Amino acid sequence: MTDPYLCSLSQCIIDDIKLPDGTFRKDVLSGGGVYATYGMRLWFSPPESLRIAYSFHAGYDFPINILEKLLSLNISLTQIWHSNLPSIRGLATFTSADQRIFVYQTPPIGTVPADLPSSYLNSKIFHFICSPSWASQHITEILKLRDKQLPPPIFVWEPVPNSTIKENLQSCVEAMKMVNVLSPNHEEAAALLGLISGEDEEVDRFLSEEMLMYMADKFLSYQIGPQGNGCVIIRASYKGCLVATKEKKEIIPAYWTISRDGIKNPHVIDVTGAGNAFCGGFMAGLLRSNNDVFEAALYGSVSASFTVEQLGAPRLEFDQNGNEIWNSGESPYERLHKLKQRVKEKIKERLKVKLKERIQGKLKNKDANHHQNGIETGEMDKDNNIGKDSSDIISDGRDLIDENFRDRMSPAD
Numbered sequence: 001m002t003d004p005y006l007c008s009l010s011q012c013i014i015d016d017i018k019l020p021d022g023t024f025r026k027d028v029l030s031g032g033g034v035y036a037t038y039g040m041r042l043w044f045s046p047p048e049s050l051r052i053a054y055s056f057h058a059g060y061d062f063p064i065n066i067l068e069k070l071l072s073l074n075i076s077l078t079q080i081w082h083s084n085l086p087s088i089r090g091l092a093t094f095t096s097a098d099q100r101i102f103v104y105q106t107p108p109i110g111t112v113p114a115d116l117p118s119s120y121l122n123s124k125i126f127h128f129i130c131s132p133s134w135a136s137q138h139i140t141e142i143l144k145l146r147d148k149q150l151p152p153p154i155f156v157w158e159p160v161p162n163s164t165i166k167e168n169l170q171s172c173v174e175a176m177k178m179v180n181v182l183s184p185n186h187e188e189a190a191a192l193l194g195l196i197s198g199e200d201e202e203v204d205r206f207l208s209e210e211m212l213m214y215m216a217d218k219f220l221s222y223q224i225g226p227q228g229n230g231c232v233i234i235r236a237s238y239k240g241c242l243v244a245t246k247e248k249k250e251i252i253p254a255y256w257t258i259s260r261d262g263i264k265n266p267h268v269i270d271v272t273g274a275g276n277a278f279c280g281g282f283m284a285g286l287l288r289s290n291n292d293v294f295e296a297a298l299y300g301s302v303s304a305s306f307t308v309e310q311l312g313a314p315r316l317e318f319d320q321n322g323n324e325i326w327n328s329g330e331s332p333y334e335r336l337h338k339l340k341q342r343v344k345e346k347i348k349e350r351l352k353v354k355l356k357e358r359i360q361g362k363l364k365n366k367d368a369n370h371h372q373n374g375i376e377t378g379e380m381d382k383d384n385n386i387g388k389d390s391s392d393i394i395s396d397g398r399d400l401i402d403e404n405f406r407d408r409m410s411p412a413d
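Written out as structure tokens, the structure is:
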């Protein structure tokens, strides 16, 4: 087997969860690295799943059932054992169905590039959740330790939430020069750009398309990536995400959105780790789509959809023939197909609106020109212009289709 393709350097945490009704769940597999790894794993069945690499720290009290769950993923997995330290543990207290307070119960231990086997260091895409300074250090160390004959890898960076304050913007800007993909959520993006004035400010306003576009433009005004050709992905809860490059911006919908009447979708149980799983799915999507960041985000949305359906990581089971079943439901590729169809329908609706606006504008200008020249349009004039008007409409339609579909969908679609 050759070197892995995908690798996350983020934590594996054992959570105790206190729910709003007072019930308690103990020893739940969690952590940003775990969710990102599951987000990748959804798209790679054995033996291809060995292309996914993950190293995690485990203390003397690491639960055997959780170790077995990680081993069942059949990925390239390395445990860093600490016989004199406890495992990384957290307490997640839910104050409501979608609000939680998280605290570490034991000291966290971060994974660094020196912890990785040499084959992991040769991965094509890396993921980490950390502060700007740690992001820069991780990248410098990976480039130093990996095989120099390999092309540079892609770095996907989630700024750790407690570092996303406006005072850290400049250090974030420096780190952005080294990463290829920057991915905060809408609240973290707003805080980093200094748009949130107080802790209790209503943050849902940053979910609007206008605000997402504004924040993306702000980030793109700085250099993202060594060549300045990176992208920013602002994850936006039930709205999905905004993927933005210097050339193009596009809203990619979430697979599970809010219900039509505005109430919470019954499929959404716990959003913990959804953003991490999105990044893992996005990384898998980059490989599947030949580095198309917009199509890769569709993979990310599907990975997030499996993560929100229960407390903890998605469930992997097998049918009597040994086929994988995730969360006892449809396959990731079935959901990907459905999501692509939704995106196509959305593009078609947008085309209809644009075409109608363009036709109305041309007719309005034509009427204005007729009046200006003192021409009264009669039936003969209309007959003579039918062919020309129809030709203009068809031409406009073709132009709009070309504008909206070129490079958007893969040939397989």
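According to UniProt numbering, the sequence shown holds residues 1 to 413 in order.
Glycine residues also receive a C-beta, built at the ideal position from the N, C-alpha and C atoms.
Model, not experiment: these values are computed from the prediction.
Since A277 contacts Y54 with CB under 8 Å, what's their CB separation in whole angstroms?
With 8 Å as the limit, A277 and Y54 do not qualify as a contact, their Cβ atoms being about 14 Å apart.
Classification of D3 by the beta-carbon crowding that lies within 10 angstroms, buried from 16 upward:
Note on D3: 16 or more other CB atoms within 10 angstroms of its CB, so buried under the neighbour-count rule.
Return yes when the Cβ of C231 is within less than 7 Å of the Cβ of V293, no when it is not.
Using a Cβ distance threshold of 7 Å, V293 and C231 count as a contacting pair.
If contacts are defined as beta-carbon pairs under 8 Å, then R100 and T272 qualify, I think. What distance do you get, rounded to the angstrom?
About 7 Å separates the two Cβ atoms, so the contact holds.
Could you have a look at N276 and say whether DSSP puts it in helix, strand or coil?
Here N276 sits in helix by DSSP.
How should K144 be labelled, buried or exposed, when 16 other C-beta atoms within 10 angstroms of its C-beta is the threshold for buried?
Exposed, by the Cβ-count rule.
According to DSSP, what are the bridge partners of S30?
In DSSP, S30 forms a bridge with I13.
Under a three-way DSSP split, which group does S45 fall into?
The three-state reading of DSSP puts S45 in coil, since its state is none of H, G, I, E or B.
To the nearest angstrom, how far is the alpha carbon of M380 from that of I347?
In this predicted model, M380 has a pLDDT of only 48, less than 50, meaning its place in the structure is not dependable; the value taken from the coordinates is given anyway. Their backbone Cα atoms lie some 38 Å apart in a straight line.
Between the CA atoms of K177 and Q170 - distance to the nearest angstrom
Note on geometry: alpha-carbon atoms of Q170 and K177 lie some 11 Å from one another.
Can you pull the DSSP bridge partners for I251?
I251 pairs with L242.
Determine contact between the stretch 8-19 and the stretch 74-89, defined as no fewer than three beta-carbon pairs at a distance below 8 Å.
The stretch 8-19 is in contact with the stretch 74-89.
Within 10 angstroms of its Cβ, does A304 collect 16 or more other Cβ (buried), or is it exposed?
Buried: at least 16 other Cβ atoms inside 10 Å.
By the DSSP assignment, the beta strand (DSSP E) with E317 in it spans what residues?
Annotation for E317: the continuous beta strand (DSSP E) segment containing it runs L316 to F318.
Within the same chain, show all residues whose beta-carbon is closer than 6 Å to that of T257, passing over the 5 residues directly before and after it, in chain order.
Its chain contains Y238 as the residues whose beta carbon lies nearer than 6 Å to that of T257, once the 5 sequence neighbours on both sides are disregarded; these appear in chain order.
L220 in three-state terms, based on DSSP
In the three-state reduction of the DSSP assignment, L220 falls in the helix class, which pools H, G and I.
May I ask you to verify whether the stretch 133-151 touches the stretch 17-24, counting CB pairs closer than 8 Å and requiring at least 3?
The answer is no - the stretch 17-24 does not touch the stretch 133-151, with fewer than three Cβ pairs under 8 Å.
By DSSP, does H267 sit in helix, in strand, or in coil?
H267 falls in the coil class under three-state DSSP.
In angstroms, rounded to a whole number, what distance separates the CA positions of E210 and A216?
Going from the Cα of E210 to the Cα of A216 covers about 10 Å.
Here's the rule: buried if 16 or more other CB atoms are within 10 angstroms of the residue's CB, otherwise exposed. What is D270?
That one is buried.
Quick check on E167: does DSSP put it in helix, strand or coil?
Note: E167 maps to helix in three-state DSSP.
Assuming M283 and V156 make a contact with CB atoms under 8 Å, what is their CB distance in whole Å?
Between V156 and M283 the Cβ distance is about 6 Å, and since that is below 8 Å, they are a contact.
Quick one: Cα of A189 to Cα of K124, how far?
Rounded to the nearest whole angstrom, the C-alpha separation of A189 and K124 is 26 Å.
Ranges of the alpha helix (DSSP H) found wholly within the stretch 38-104, counting only runs of at least 4
You should have 64-71.
Kindly indicate the opening and closing residues of the beta strand (DSSP E) around F157.
In the sequence as displayed, the identity of residue 157 is Trp instead of Phe. Counting along the chain, the beta strand (DSSP E) containing W157 begins and ends at I154 to P159.
In three-state terms, what does DSSP make of V173?
In this structure, V173 counts as helix in the three-state DSSP scheme.
Can you name, in chain order, every residue of its own chain whose Cβ lies under 6 Å from the Cβ of C130, other than the five neighbours on each side?
Around C130: V160.
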